[in-house]
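Residue numbers (the numbering used here), protein chains in the order written: chain S, 1 to 315; chain H, 1001 to 1315.
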């Protein structure tokens, strides 16, 4: 049964692809074994991270970019990390709707992942989804995240090229600084270039990047796009390819990938420990009785925790 | 030295209080021992959780409520969990500014805690800060959180009474449903009652709460306030006291507290494991060499993680 899913996966079956990603996402029994099996086939895909504040127009930009990428017959996988917080202002469903003209195309695989609740967990799962898409034969993997917090930054840092997308609205450039986006970006995009303030924002970004350019000896270009009408998308795609050529030829590439793998190894270790702890915590210990003792102040949470851990270790 | 901080703490020194909370927050060496020492003195304070979307006016409401509480000579501690995400829309600094007329009053202790990055960690720290404030002799502890995600819900669930604050703007009631606020609230507040749509929102909430009232046999009142002018604050304070009387007389109270302690015990266990794992992960293993082997596809992150864990266990 498991073998047949893998067989179908290898033969290019998209349902099998979806199934494997789901198993990684749900941490089904044996999912790590499956990824281990696929692992030797990975390392080929190029990962493009796209991040920026909600409303900057990332999804429309992805839409436009993917059309460009497809023209050159590359296979594309998209992982969109959706903020599930209802108050975050991210148009989660809306985003998917905007990407809908990609949904029908079989060269493109789109997957949404929710960021709710799991720190580290999401980051690990995203990495694993990338491995699966990579083994499936995708040439480009686009990781779209909302640059709002630690989780998204971590996810973006799995990427080989990072695009930071801003729009002229709502003081984005200041926010980008605060969120650490200026540090992680390789290419900066001022989207909604037809709106007021776009060229001012581009100038501002260029100025802010001066120091980084000198110190890191990188180009860090600032481009303007109007994703909804397709303006600037081709230029952006050329800039991405240029950066990819630069990166893959530089020794930074393998260094960066090894850094990614090192964090992934640590995350897997933490994950495996977490799973084993979780099974301990849901074990048939009399937690109510233990809570009672703490409630009566006969014990403290710390003294009990210490004793339980000692007894687990000695087993 | 440590003893002298505790002595000062017991004598009511606010700086010593701050210092102990910082030690818990930073997980300084021995902080669990300190909390264990204080632990027998805890269990007296009443915890009031206040949550709701950004911009609902929680801080102004807290401000007004605290003034009411002080009139009855209760001692108050406030823990404000600030969203640190720059794009979340929460006016973090602004909130503190709005509470500024409380800052000078010595019966009130205000502490901000950042929610960035730490899942579970924040929840544990908040619980510990409550224990410290409790041992310090506070009668009421107000936990103000922005109801945007799992972390905040968890924090709110440390409370004995939970206030859900909404404003007539921006479809708050739908959002409140999505975020699970309707389930956790004991008292519902429509703040900014002078704005359009306030009474409609109150009607809507009352309707939505009908089922919960029947099933849980609780009152779940909906109140309207205009925190900035003080309107409705006294009524709200009476409702809170009524709920507190109901809760503390009911057997639900000790059940609820035991439930809180049970989760805290589990969190402490997880925390202690996390700390020991972290020290493992920062140990002098040759992580670069390990990453190299994964990069060359000689190993997978999973095979290596498994072997490392086995070797740690056998030590």
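For each residue, glycine too, the CB sits at the ideal point set by N, CA and C. Note that the structure is predicted; figures quoted are calculated from it, not measured.
Any contact between the segment 295-313 of chain S and the segment 1268-1288 of chain H? By contact I mean 3 or more CB pairs, one from each, below 8 Å. yes
With three or more beta-carbon pairs closer than 8 Å as the criterion, would you say the segment 155-167 of chain S touches the segment 240-247 of chain S? yes
Check whether the Cβ of residue 1036(H) lies closer than 8 Å to any Cβ atom in chain S. yes
Spell out a yes or no on whether the segment 279-289 of chain S and the segment 34-47 of chain S are touching, meaning 3 or more CB-CB pairs, one atom from each, closer than 8 Å. no
Quick check on DSSP: helix, strand or coil for residue 1280(H)? helix
Can you confirm whether residue 183(S), when its beta carbon is compared against all beta carbons of chain H, has any partner nearer than 8 Å? no
At a Cβ threshold of 8 Å, is residue 302(S) touching chain H? yes
How is the alpha helix (DSSP H) around residue 25(S) delimited, first residue to last? 14-25
Which of the three DSSP states, helix, strand or coil, is assigned to residue 1064(H)? helix
Taking only three categories from DSSP, how would you classify residue 259(S)? helix
Can you tell me which of 222(S), 217(S), 197(S), 198(S) puts its alpha carbon nearest to the alpha carbon of residue 207(S)? 222(S)
Helix, strand or coil: how does DSSP classify residue 1112(H) here? strand
Assign residue 274(S) to buried or exposed, taking buried as 16 or more other Cβ atoms, counted over all protein chains shown, within 10 Å of its Cβ. buried
Does any residue of chain S have a CB that is nearer than 8 Å to the CB of residue 1337(H)? Given that chain H is displayed from residue 1001 to residue 1315, the structure contains no residue 1337(H) and the question cannot be resolved.
Note down, in chain order, all residues in the segment 1259-1275 of chain H with a beta-carbon under 7 Å from any beta-carbon belonging to chain S. 1261, 1262, 1264, 1265, 1266, 1268, 1269, 1270, 1272, 1273
Do the segment 253-266 of chain S and the segment 1215-1232 of chain H touch if we need at least three Cβ pairs shorter than 8 Å? no
Tell me, please, which residues DSSP counts as bridged to residue 1047(H). 1141(H)
List, from N- to C-terminal side, the beta strand (DSSP E) runs of 3 residues or more that fit wholly inside the segment 1172-1233 of chain H. 1187-1190, 1222-1224
Would you kindly work out how many angstroms separate the C-alpha atoms of residue 1213(H) and residue 303(S), rounded to a whole number? 40 Å
Quick test of your reading: residue 69(S) and residue 141(S), contact by CB under 8 Å. State the CB separation rounded to the nearest angstrom. At roughly 11 Å, the Cβ-Cβ gap does not stay under 8 Å, so residue 69(S) and residue 141(S) are not in contact.
So, with DSSP's three-state summary, where would you put residue 57(S)? coil
Where residue 1095(H) and residue 210(S) are concerned, what is the direct C-alpha to C-alpha distance, given to the nearest angstrom? Per-residue confidence for residue 1095(H) stands at a pLDDT of 44, beneath the threshold of 50, marking its modelled position as unreliable; no derived number is given.
Can you list, in chain order, the residues of its chain whose CB lies under 6 Å from that of residue 1085(H), leaving out five sequence neighbours each side? Low per-residue confidence applies at residue 1085(H): pLDDT is 41, beneath 50, and the placement is therefore not dependable, though the value from the model is reported in the following sentence. Within the same chain, residue 1085(H) has no close Cβ partners at all.
Per-residue DSSP class, three states only, for residue 119(S): The predicted model places residue 119(S) with a pLDDT of 43, which falls under 50 and marks its position as unreliable; any figure quoted below should be read in that light. Residue 119(S): coil per DSSP, three-state reduction.
Assuming residue 1265(H) and residue 291(S) are in contact, meaning their beta carbons sit under 8 Å apart, how far apart are those beta carbons, in whole angstroms? 7 Å
Three-state class that DSSP yields for residue 1306(H) in the structure shown: helix
Which one of 1237(H), 1305(H), 1301(H) has the shortest CA to CA distance from residue 1280(H)? 1305(H)
Alpha carbon to alpha carbon, what distance is there between residue 1198(H) and residue 1134(H)? 36 Å
Please report whether the beta-carbon of residue 295(S) lies at a distance below 8 Å from any beta-carbon of chain H. yes
Mind checking if residue 1277(H) is an interface residue toward chain S, Cβ cutoff 8 Å exclusive? yes
According to the Cβ coordinates, are residue 1049(H) and residue 1124(H) closer than 8 Å? no
Assuming residue 187(S) and residue 240(S) are in contact, meaning their beta carbons sit under 8 Å apart, how far apart are those beta carbons, in whole angstroms? 7 Å
CA-CA distance, residue 225(S) and residue 81(S)? 22 Å
Can you look up residue 248(S) in the DSSP assignment and give me helix, strand or coil? helix
If we ignore side chains and look at the alpha-carbon of each, how far apart do residue 300(S) and residue 1112(H) end up? 25 Å
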